[in-house]
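The structure under discussion appears below in the form of structure tokens.
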Amino acid sequence: MFSYLALKKLAIVEIKNYFIEVPSVPDSLTAVEEFIIQITEDLNIDEDKLYGILLSVSEATTNAIVHANKKDPAKVVLVSVTVENNILTVKVKDQGPGFNPVAVPDPTKPENLLKDSGRGLFLMRIYAKSLTYIPSPQGTETILVFEV
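First residue of the sequence shown: 897, per our numbering; consecutive thereafter.
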């Protein structure tokens, strides 16, 4: 049997889950950004941190739409968000063939500085507490974890 003192030490953990599924067309990016803004409104996140979250999720979604799913509207991108205490976890799942993150060129090298693209993974690594890729035959899941 719990005593009052023991019960006082128990923490209540509230976990909230959200998801959105969008077609693999560039216009879907706006829907995903609005989805993230809606979720984070009540979290009292400062502007700089929110910018990093939005930029990272936008980059992951763009990679899923453009590089993985090749802008094929028949393929979808699933974005799921879990909020647990001060941790925001965003998962972006595509239906593409997968990739090797180690093979992506370093955007900070002189020969890559003026390229129009290629900074997404770099930016996600800067803003997220952790960045993980889970490849499968059905597509790749990119997992971004943020402290909020």
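All C-beta atoms in this analysis are idealised placements derived from N, C-alpha and C, irrespective of residue type, glycine included.
Grab the span of the alpha helix (DSSP H) containing Phe1018 for me, first residue to last.
Phe1018 -> alpha helix (DSSP H) spans Gly1016 to Tyr1023.
Compute the distance between the beta-carbons of Lys989 and Val973, then report whether it is under 8 Å.
Against a cut-off of 8 Å, the Cβ pair of Val973 and Lys989 comes out as a contact.
Compare the C-alpha of Ala960 against each of Leu1017, Lys1025, Ser1026 and Leu1009 and name the closest.
Minimum Cα distance to Ala960 is reached at Leu1017.
Less than 8 Å separating the beta-carbons of Pro919 and Pro969?
The answer is yes: Cβ separation under 8 Å.
Can you tell me whether Ile949 is helix, strand or coil according to DSSP?
Helix at Ile949.
So what does Ile916 bridge to, in DSSP terms?
Note: Ile916 sits in a beta bridge opposite Val975.
Determine the direct distance from the alpha carbon of Pro1003 to that of Leu1010, and round the result to whole angstroms.
About 9 Å.
Is it true that the CB of Val977 sits closer than 8 Å to the CB of Tyr914?
Yes, the pair counts as a contact, with Cβ atoms nearer than the cut-off.
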